[in-house]
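First the structure, in the form of structure tokens, and then the observations on it.
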Amino acid sequence: MTQSNHHLTPDLASRFAKLVLGHLTQEYPNKLTHSLDSAADVQSPRALYPIFYGSYDWHSCVHGYWLLTRLLTRYPNLPEAPTIRAVFNRQLTEANVKGELAYLAVPSRAGFERPYGWGWLLALQTALEQNVTTESQRWAKILSPLADAFVARFIDFLPKATYPVRVGTHFNTAFAMTLGLKYARAARNTKLETQICETAWRWHANDVNCQAWEPSGDEFLSPALMEAELMRQVLSDAEFQIWFSAFLPNLVQRQPATLFLPATVTDRSDGKIAHLDGLNFSRAWCQRSIARALPRDDPRSALLFASADLHYESAIAHVSGDYMGEHWLGTFALLALEA
């Protein structure tokens with residue numbers, strides 16, 4: 000089995016930290032996902048979301064905090080660490096969490112950020128709780144009511160969701176459930192874990208011979224590989240190998256071929272087209288994770304590791320350069336590196 004040579008180094012961590020700090024509390028430009036019940040609801044992003052008003056949109060701001068938390072965990076003495084801690088201390092307050100909860104409490108906003116932002120908020124909570132420093136534990140305690148709110152939304156939503164959403168954008172259910180499952184297990188929330196595992200089985204247990212009709216023009220997730228990554232976490236190793244062999248039965252022949260070919264990005268100033276750099280990172284993430292779940296002598300493992308390197312290398316030079324990508328791509332680069 001061939002492992003990747005790509006790793007998170009202190010220099011790269013510092014580069015990512017600088018990038019995120021440059022936009023985490025930058026209010027504009029901003030793309031609001033906002034339900035208005037009256038003229039009084041016409042407010043600025045900062046007024047609506049006291050914590051997560053930066054980074055162009057709510058969910059990108061959330062996973063910007065996740066990225067910085069992971070960097071602090073890996074490299075607590077980064078040159079940017081004091082600035083990161085100052086931003087967290089200023090933003091992660093009980094008053095600001097109450098403001099975020101007040102926004103969610105409006106009935107017309109029950110579907111706000113479903114499911115992508117739900118998954119990312121739980122991922123942030125997981126990252127804070129897994130950092131054992133006193134300061135991170137304090138931030139986790141402050142943020143926990145917001146995490147509880149999204150846990151409740153997952154538990155309410157999944158039983159009535161008859162079908163999965165398989166697109167490669169924010170509506171992809173496998174991605175959000177993958178992040179939610181990691182939170183559930185770390186927090187020992189058996190109700191959420193059971194709900195996610197049962198839903199994943201209900202939706203995907205009988206999925207076979209995936210054709211992988213991807214990429215679409217604005218995807219940043221692979222519908223095929225994201226589903227496989229979810230099932231890798233839901234199933235035991237033995238169960239997953241059986242399921243995966245039926246799901247992508249011709250992988251050893253490098254089929255579907257699209258999964259081995261990085262997406263082409265023609266205009267990184269176009270926010271939708273720029274999503275495709277994220278697709279290349281997220282494929283690298285899933286391919287590495289799946290490769291490690293296969294037997295060491297399985298030829299598919301080497302193929303997936305090689306493809307992951309190819310996808311990662313196609314995107315890493317473009318993490319910065321245009322705001323349409325740089326407000327979020329560092330997060331997906333780190334997902335690939337930590338796989």
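All residue numbers for the sequence shown refer to numbering that gives the first Met the number 0, where the first residue is 0 and numbers rise by one. C-beta atoms are modelled at their ideal positions from N, C-alpha and C, and glycine is treated no differently.
Residue i vs residue j beta-carbon contact at 9 Å
i	j	result
HIS169	TYR115	yes
ARG267	HIS326	no
ALA307	ALA262	no
PHE259	ARG287	no
ALA314	GLY277	yes
ARG282	ALA290	no
ALA146	TYR182	yes
LEU100	PHE87	no
ALA186	THR125	yes
LEU91	ILE83	no
MET225	ALA148	no
PRO255	ARG165	no
Alpha helix (DSSP H) segment containing residue i, residue limits
i	result
HIS169	Segment: none, HIS169 is in no alpha helix (DSSP H) and carries neither H nor E.
ASP10	9–20
VAL233	222–233
VAL96	93–104
THR133	133–156
LEU67	57–73
LEU250	No alpha helix (DSSP H) contains LEU250, which DSSP labels as neither H nor E.
PHE51	From DSSP, PHE51 is part of no alpha helix (DSSP H); its letter is neither H nor E.
TRP327	Element bounds for TRP327: n/a, residue is neither H nor E.
GLY118	115–129
TRP212	It is not in any alpha helix (DSSP H) - TRP212 carries neither H nor E in the DSSP assignment.
VAL318	Unbroken run through VAL318: none, as it is neither H nor E.
ALA193	The residue you asked about is not Ala; residue 193 is Thr in the sequence shown. Taken as a continuous stretch (DSSP letters only), the alpha helix (DSSP H) holding THR193 covers 189–203.
ASP276	274–292
Cβ neighbour criterion (16 or more within 10 Å) applied to residue i
i	result
VAL96	buried
PRO248	exposed
TYR48	buried
GLY341	Look at the range of the chain in this structure, 0 to 338, and you will see that residue 341 is not part of it.
THR177	buried
ILE241	exposed
ALA16	buried
GLY110	exposed
ASP236	exposed
GLY216	exposed
ALA175	buried
LEU35	exposed
ASN4	exposed
Expected contact under 8 Å - CB spacing of residue i and residue j to nearest Å
i	j	result
TRP65	TRP119	7 Å
HIS62	GLU112	About 11 Å; that fails the 8 Å criterion.
ALA292	ARG231	5 Å
GLY53	LEU121	No, GLY53 and LEU121 are not in contact; Cβ-Cβ is about 20 Å, not under 8 Å.
PHE153	GLN194	7 Å
THR383	LEU157	The chain is shown only over 0 to 338; residue 383 falls outside these bounds and no answer can be derived.
THR257	GLU213	6 Å
LEU275	VAL264	5 Å
ASN29	ASP10	Incorrect: roughly 31 Å between the Cβ atoms, too far for contact.
C-beta neighbour in chain C for residue i, strict 9 Å
i	result
GLU337	Considering every chain present, this structure includes no chain C. It has just one protein chain.
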